[in-house]
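For the sequence shown, counting from 1, position 56 maps to 124 in the numbering used here; every step adds exactly one.
Data first, discussion second: the structure below is written as structure tokens.
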Amino acid sequence: MGQTSHIPALCACTRCLNSGSKCEKVVVVVVTTDCEESNKQALTQLHDDAAKEDAPPDLYFLAAMPDVGTRSTLAILYNLRREGEPELRMKLKKLLTEESVRNKDRMAVDRILLLTTPELLDVLKSVDRVVYTIVPEKYRMWLKQSPCKLLLVRLHSPADVTVLVEDLQNAKSVAFTNGVAYCTEPSSKRIRFAAVERNVKLKVSTLKKKADLQAKLQEFHLS
69 MGQTSHIPAL CACTRCLNSG SKCEKVVVVV VTTDCEESNK QALTQLHDDA
119 AKEDAPPDLY FLAAMPDVGT RSTLAILYNL RREGEPELRM KLKKLLTEES
169 VRNKDRMAVD RILLLTTPEL LDVLKSVDRV VYTIVPEKYR MWLKQSPCKL
219 LLVRLHSPAD VTVLVEDLQN AKSVAFTNGV AYCTEPSSKR IRFAAVERNV
269 KLKVSTLKKK ADLQAKLQEF HLS
């Protein structure tokens with residue numbers, strides 16, 4: 069009786085209601101968003117401005133945080149809850165519902181609150197390591213003699229995978245330097261490369277003579 073709203077957050081407390089006084093409450097404003105690059109930059113800027121006390125007055129007390137799917141890897145928590153050690157599984161099933169760790173791209177404050185409880189964080193701190201496959205199953209090699217692929221993986225959830233080089237034969241090692249990935253093929257006695265962050269200007273096919281190759285090697289201090 070005496071309430072002006074049926075919404076719990078807008079209901080007056082019992083003390084104010086009984087005394088007939090105006091009930092004033094503190095409002096905590098939180099912004100949640102998925103972790104696309106532009107959103108991430110905006111959240112970082114808000115955080116930095118608040119730390120430097122340069123934020124606008126109306127945004128100074130704003131707490132900006134990404135979607136829990138970004139802040140915590142739900143897929144890994146889901147895997148621990150299902151496939152972890154028996155004692156760990158038992159603890160996580162008491163603290164987490166299966167729905168709370170499903171990897172859905174949505175913004176949910178209640179999930180953030182659940183996954184940041186002190187009890188859950190204490191359990192997760194006791195986990196030494198987690199074995200989890202980041203690259204989707206379709207890229208897995210099933211046969212030893214099947215061609216390999218050189219993949220570029222963006223650590224997102226799910227991971228964004230780009231195939232840089234296909235049909236690698238008996239690839240043994242990969243090196244990355246100056247924006248270029250190099251992969252060895254011992255069986256064919258060659259090194260294949262893929263430009264990741266810069267263009268490769270050298271075209272070996274244009275070096276027709278042995279002298280041209282030697283001159284280029286000396287230029288790069290390789291001979």
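Backbone N, C-alpha and C define an ideal beta-carbon position, used for all residues, glycine too.
Does Ala263 come out as helix, strand or coil in the three-state DSSP assignment?
Strand, per DSSP.
Under 7 Å, do Asp228 and Pro215 count as touching if we go by C-beta distance?
No, Cβ-Cβ distance for Asp228 and Pro215 is not below 7 Å.
At the level of alpha carbons, what is the spacing between Ala292 and Ala123?
As displayed, the chain neither begins before 69 nor continues past 291, which places residue 292 out of reach and without an answer.
Mapping DSSP to helix, strand and coil, what is Cys84?
helix
Could you check what DSSP says for Glu121 in three-state terms: helix, strand or coil?
coil
Answer yes or no: do Ala243 and Val264 have a C-beta to C-beta separation smaller than 7 Å?
no
Kindly indicate which three-state DSSP category Arg258 falls into: helix, strand or coil?
strand
Indicate whether the contact test is met: 3 or more Cβ pairs, each with one atom in the segment 247-261 and one in the segment 269-278, closer than 8 Å.
no
Cβ-based burial, Ala119 [other Cβ within 10 Å; buried from 16]
exposed
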